[in-house]
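Residue numbers (my numbering): 34 to 339.
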């Protein structure tokens, strides 16, 4: 392959260095990586959009742009109405482009590292009615240790909107019943502190005081939620728990932990909660994703998750 131009009529012009480096990268994908034509076309469109943004904003040299500049581009895409999934894809394409430039010695740093692309949009998530939520929450038998545990789990999934992985990763020290809050660890070593509603707090207090101790027995574990053997609950086990109580409640087969998270968001927004507050509760990277749950409700709820 011929080396790309290192100068030209303008850094971001049609025949400038940025466009030349993009062409070199696309040639590399085709000849050395065997990328499919459709993949190359997608990369070409995404990178040309980035080059056009650089030209329109009079950006500095393509080899010296900052992480802040990349974030500005992604934000501009979101504000222009680009779907969150498409914004995330463009962030990935740009990251791979700069990884190539670093490997070829054309730039010294990848300005996309550490960026958090937007969450993917909720793909046809089921949103339960209030009556359906109440049926599901009533399914576990709180008189048993496992039923008490399951009631607490369902209250957290709906009342706080936790992801499945966030719930199974919870440790006992992350729960503060006195302050009625929970510390939730997210990806990339980030955390958020979420408030507990009255129902979730009561269910957790009962579980911690009685059922968890019974399930753990003499074992030593920090895991907040454990199985019948006192071991940390797995995501697969969580899916089975929701499925078991969904079936007992006679609800649609598509009810999952994520459906309860979606229902939490939809009910809060329908009840008048500020989108930014719901975004903070659920840990969304973009408020646009949070707002996507607004019109998805099937009817106005009479019960709020909180």
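Using N, Cα and C, we set each Cβ at its ideal position, and we do this for glycine too.
At which residues does the alpha helix (DSSP H) containing residue i begin and terminate?
i, result
"residue 173", "Counting along the chain, residue 173 falls outside any alpha helix (DSSP H), and DSSP gives it neither H nor E."
"residue 188", "178-192"
"residue 288", "It is not in any alpha helix (DSSP H) - residue 288 carries neither H nor E in the DSSP assignment."
"residue 340", "Residue 340 lies beyond the residue range present for the chain, which begins at 34 and ends at 339; the question has no answer from this structure."
"residue 312", "308-315"
"residue 125", "117-136"
"residue 270", "268-282"
"residue 66", "Element bounds for residue 66: n/a, residue is neither H nor E."
Quick check on this structure: which residue in the options has the alpha carbon closest to the alpha carbon of residue i?
i, options, result
"residue 107", "235, 124, 198", "124"
"residue 259", "301, 182, 224", "182"
"residue 109", "82, 126, 129, 133", "82"
"residue 209", "233, 219, 187", "233"
"residue 292", "142, 197, 67, 62", "197"
"residue 57", "92, 137, 312", "137"
Spatial neighbours of residue i within its chain, please: CB distance less than 7 Å, with the 5 preceding and 5 following residues excluded, ordered by chain position.
i, result
"residue 155", "Confidence at residue 155 is low in this model, with a pLDDT of 49, below 50, so its placement is unreliable and the value that follows should be read with caution. Correct list, in chain order: 295, 325, 326."
"residue 11", "Outside the shown range of the chain, which is 34 to 339, sits residue 11, and nothing can be said about it."
"residue 103", "127, 144, 145, 148"
"residue 227", "193, 214, 215, 217, 314"
"residue 312", "320, 323"
Whose C-beta lies closer than 6 Å to the C-beta of residue i among residues of the same chain, with five residues either side of it excluded?
i, result
"residue 195", "189"
"residue 79", "123, 126"
"residue 281", "172"
Sorted by chain position, which residues of the same chain lie with C-beta nearer than 8 Å to residue i's C-beta, five sequence neighbours on each side aside?
i, result
"residue 15", "Lying before the first or after the last residue shown, residue 15 is absent from the chain, which here runs from 34 to 339."
"residue 284", "161, 165, 168, 169"
State the DSSP-derived secondary structure class of residue i, mapped to helix, strand or coil.
i, result
"residue 320", "helix"
"residue 60", "helix"
"residue 108", "helix"
"residue 245", "helix"
"residue 166", "helix"
"residue 140", "coil"
"residue 293", "helix"
"residue 155", "Annotation note: pLDDT 49 at residue 155 (below 50); position unreliable, no value reported."
Going by DSSP, what residue range makes up the beta strand (DSSP E) through residue i?
i, result
"residue 5", "Here the chain covers residues 34 to 339 and nothing more, so residue 5 does not appear."
"residue 228", "224-228"
ask   = Does the count of Cβ pairs from the stretch 177-194 and the stretch 245-263 closer than 8 Å reach three?
value = yes
query = Using 8 Å as the Cβ pair cut-off and three pairs as the minimum, do the stretch 260-278 and the stretch 195-207 touch?
reply = yes
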